[in-house]
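*Asks:* Structure in structure tokens, see below.
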Amino acid sequence: MKILLINDDGIHAPGLWAAAGALRHAGDVFVVAPDREQSGVGSSLTLRAPVRARTATVDSVLTAGEEATGQVTAHVVEGTPGDCCVLALERLVGSVDLVVSGINSGSNLGWDVMVSGTVGGAVQGFVRGFPTIAISVGSVRDPKFEGAAQLLQLIAQRFADNPPTNSLFLNINVPSLPLNQISGVQVTTLGGRSYGESVREEGVAPNKRYTIARDRAISGDAQEGTDIWASKNNRISITPLHIGLGHSEQVPEIERLLSGLPDQLLSSRD
Numbered sequence: 002m003k004i005l006l007i008n009d010d011g012i013h014a015p016g017l018w019a020a021a022g023a024l025r026h027a028g029d030v031f032v033v034a035p036d037r038e039q040s041g042v043g044s045s046l047t048l049r050a051p052v053r054a055r056t057a058t059v060d061s062v063l064t065a066g067e068e069a070t071g072q073v074t075a076h077v078v079e080g081t082p083g084d085c086c087v088l089a090l091e092r093l094v095g096s097v098d099l100v101v102s103g104i105n106s107g108s109n110l111g112w113d114v115m116v117s118g119t120v121g122g123a124v125q126g127f128v129r130g131f132p133t134i135a136i137s138v139g140s141v142r143d144p145k146f147e148g149a150a151q152l153l154q155l156i157a158q159r160f161a162d163n164p165p166t167n168s169l170f171l172n173i174n175v176p177s178l179p180l181n182q183i184s185g186v187q188v189t190t191l192g193g194r195s196y197g198e199s200v201r202e203e204g205v206a207p208n209k210r211y212t213i214a215r216d217r218a219i220s221g222d223a224q225e226g227t228d229i230w231a232s233k234n235n236r237i238s239i240t241p242l243h244i245g246l247g248h249s250e251q252v253p254e255i256e257r258l259l260s261g262l263p264d265q266l267l268s269s270r271d
């Protein structure tokens, strides 16, 4: 099995190497990660400047220890998680059997997937037709990756034994807890908004600076069956994603709202 592993926390992030260590039991792992922290960049790509990539040293945690099925190689990219995924699939690695993004420090729940670099980078794998997983643990401070790593190994091995017949995109959030304190695993839907932004102002005009932080917890949609609900109840949430943002149910309403407007616009040409 050939596995591409990216992240948004950067090449030195412990979660990245915890994922690599788990995935190498299912096949060869190709790490292609940013050279620095890239949280919150979503699906952004570098389009107006060259993107540099170079080989990187595999973390020493993986060069010693238990035997594994696969090998691990690494590249570091001066770009976004999306850049990493595109460069890997188009040039550095080529076609793969599975794309994994993570393991991220901090949850990616509900509408937060819209700005997540972990999820956003993985989008480039999904749109190219590869089975794709974005995975996070629910803590930024002292995150515990063991449960997420074990889950990744099990899922990758399942995919190796029974490859998915269709492209799929899974967003997985694992509580940052020992396995014996996790209360279950649940397939969920996306909740609503779980965090808001605060803005800190520094300096005086005309040299004011503003810092945006996503640090305002919002109750969000904690309805049972959502990923936010699962997180609040110490459950692992596995959420199938799709990137279609169209809202077909609103088409009739918008047609009524804009009734006659196209004719009005076209008649103004005369």
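Here my numbering = 1-based position in the sequence shown + 1.
Glycine residues also receive a C-beta, built at the ideal position from the N, C-alpha and C atoms.
Keep in mind the model is a prediction, meaning the values are calculated, not measured.
(1) Looking at the unbroken alpha helix (DSSP H) that takes in Ser-249, where does it start and where does it end?
(2) Pick helix, strand or coil for Ala-14, following the three-state DSSP scheme.
(3) Which value, in whole angstroms, describes the spacing of the CA atoms of Pro-51 and Val-77?
(4) Classify Ala-75 as helix, strand or coil using the three-state DSSP reduction.
(5) Leaving out the 5 sequence neighbours to the left and right, which residues in its chain are closer than 7 Å to Gly-226 when beta-carbon positions are compared?
(6) Ignore the nearest five residues each way along the sequence and tell me which others in Asn-235's own chain have a CB closer than 7 Å to its CB.
(7) Could you give the DSSP three-state label for Glu-225: helix, strand or coil?
(8) What is the rounded straight-line gap between the Cα of Thr-58 and the Cα of Val-186?
(9) Rounded to the nearest angstrom, how far is the Cβ of Thr-133 from that of Ala-123, given a contact under 8 Å?
(10) Determine the contact status of Gly-28 and Ala-161, defining contact as a CB-CB distance below 8 Å.
(11) Mapping the DSSP letters down to three states, classify Ile-104 as helix, strand or coil.
(12) Would DSSP call Thr-119 helix, strand or coil?
(13) Kindly indicate which three-state DSSP category Glu-267 falls into: helix, strand or coil?
(14) Assess, as a yes-or-no matter, whether the region 164–173 is touched by the region 134–148 under the definition of 3 or more beta carbon pairs within less than 8 Å.
(15) Okay, do the region 139–149 and the region 93–108 touch, 3+ Cβ pairs below 8 Å being the bar?
*Replies:* Result, derived from the coordinates:
(1) Against the sequence shown, residue 249 aligns to sequence position 248. No alpha helix (DSSP H) contains Ser-249, which DSSP labels as neither H nor E.
(2) Indexing the sequence shown from 1 puts residue 14 at position 13. Of the three classes helix, strand and coil, the one that applies to Ala-14 here is coil, per DSSP.
(3) Translated into the one-based positions of the sequence shown, residue 51 becomes position 50. Translated into the one-based positions of the sequence shown, residue 77 becomes position 76. Spanning the two alpha carbons is a distance of roughly 14 Å.
(4) In the sequence shown, residue 75 corresponds to position 74, counting from 1. Three-state DSSP puts Ala-75 in a strand.
(5) Translated into positions along the sequence shown, residue 226 becomes position 225. Counting only Cβ-Cβ distances below 7 Å, and skipping sequence neighbours, we find Thr-189, Thr-190.
(6) As a working note, residue 235 is residue 234 in the sequence shown. Counting only Cβ-Cβ distances below 7 Å, and skipping sequence neighbours, we find Pro-176, Leu-178, Gln-182, Ile-183, Ser-184.
(7) Taking the first residue of the sequence shown as 1, we reach residue 225 at position 224. Coil.
(8) In the sequence shown, counting from the first residue as 1, residue 58 sits at position 57. In the sequence shown, counting from the first residue as 1, residue 186 sits at position 185. Computed Cα separation, rounded: 35 Å.
(9) Residue mapping note: residue 133 aligns to position 132 of the sequence shown, counting from 1. Residue mapping note: residue 123 aligns to position 122 of the sequence shown, counting from 1. Between Ala-123 and Thr-133 the Cβ distance is about 5 Å, and since that is below 8 Å, they are a contact.
(10) As a first step, residue 28 is located in the sequence shown; it is residue number 27 there, counting from the start. As a first step, residue 161 is located in the sequence shown; it is residue number 160 there, counting from the start. Yes, Cβ-Cβ distance for Gly-28 and Ala-161 is below 8 Å.
(11) Locating residue 104 in the sequence shown gives position 103, counting from the first residue. Strand.
(12) Walking along the sequence shown from the start, residue 119 turns up at place 118. Looking at Thr-119 - three-state DSSP - the assignment turns out to be helix.
(13) If you number the sequence shown from 1, residue 267 lands on position 266. Checking the sequence, you will find Leu at residue 267 rather than Glu. The answer is helix: DSSP assigns Leu-267 an H, G or I state.
(14) yes
(15) yes
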